[in-house]
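The sequence shown begins at 1 in the UniProt record's numbering and counts up by one. Every residue, glycine too, gets a C-beta built ideally from N, C-alpha and C. Below: one structure, written as structure tokens.
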Amino acid sequence: MFAEAAPRRIILVSCGMVPPAVLGCLQEGLTKELGAEVSQAGAMPLPAGAYDPRRRQYRAEAFLTSLTPYRPVKGLVLGLTPVDLFVPHLNFVFGLADFRQKCAIISLARLQPEFYGQPGNPRLLEERALKEAIHELGHLLGLGHCPVPACIMFFSNSLADTDRKGPGFCPECRRRLP
Numbered sequence: 001m002f003a004e005a006a007p008r009r010i011i012l013v014s015c016g017m018v019p020p021a022v023l024g025c026l027q028e029g030l031t032k033e034l035g036a037e038v039s040q041a042g043a044m045p046l047p048a049g050a051y052d053p054r055r056r057q058y059r060a061e062a063f064l065t066s067l068t069p070y071r072p073v074k075g076l077v078l079g080l081t082p083v084d085l086f087v088p089h090l091n092f093v094f095g096l097a098d099f100r101q102k103c104a105i106i107s108l109a110r111l112q113p114e115f116y117g118q119p120g121n122p123r124l125l126e127e128r129a130l131k132e133a134i135h136e137l138g139h140l141l142g143l144g145h146c147p148v149p150a151c152i153m154f155f156s157n158s159l160a161d162t163d164r165k166g167p168g169f170c171p172e173c174r175r176r177l178p
């Protein structure tokens, strides 16, 4: 939980068309898991110049820069996008956080069963999105990756890692939350 003396706010920002059910799930789940006030700030366009036509993906860092103006005082901002994200030297990322800017972004692209040729499953998408959201917000709160595979702060090298994680922090990571 957040310290009583330092109330936190989390602002959710859609970067492209994000299903309203996913936003609602995150708003409820983040409030429950992090004890923060969570609200939606509406939508912003995909960042200009973020698309890499050779990779057919978007640069994750460009989203962080575009999200900064949405950050509340003593708060965090989390962007959600349906597009596939990458950072240099990695094939893709599920999300990215910038501790200094207190901004993070998650991509729903590879969290959707349809990406892998499977039937759509809105509940599974919501579950995966919530896990990735909590993970990236954990980074914004100062947590690094955790060696415990069931902890939400375990590094997801694949979707199987995300699916294997529990819905929250291990006792040690929870203890280290501000």
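Cβ pair count under 8 Å reaching 3, the stretch 114 to 126 against the stretch 85 to 93: Put simply, the stretch 114 to 126 does not touch the stretch 85 to 93. Fewer than three CB pairs are less than 8 Å apart.
Neighbour-count burial assignment, Ala-97, 16 or more Cβ in a 10 Å radius: buried
Closest residue to His-94 among Cys-173, Asp-163, Ile-11 (Cα-Cα distance): For the record, residue 94 in the displayed sequence is Phe; it is not His. Comparing Cα positions, the closest option is Asp-163.
Assigned secondary structure, Leu-130 (DSSP; H/G/I helix, E/B strand, else coil): helix
Residues bridged to Gly-79 [DSSP beta-bridge criterion]: Val-13, Ile-105
In DSSP terms, what Ser-52 is bridged to: Note on residue identity: the sequence assigns Asp, not Ser, to residue 52. The partner list for Asp-52 (beta bridge, DSSP) reads Gln-57.
Among Thr-65, Val-77, Pro-72, Ala-21, nearest to Leu-140 - alpha-carbon criterion: Val-77
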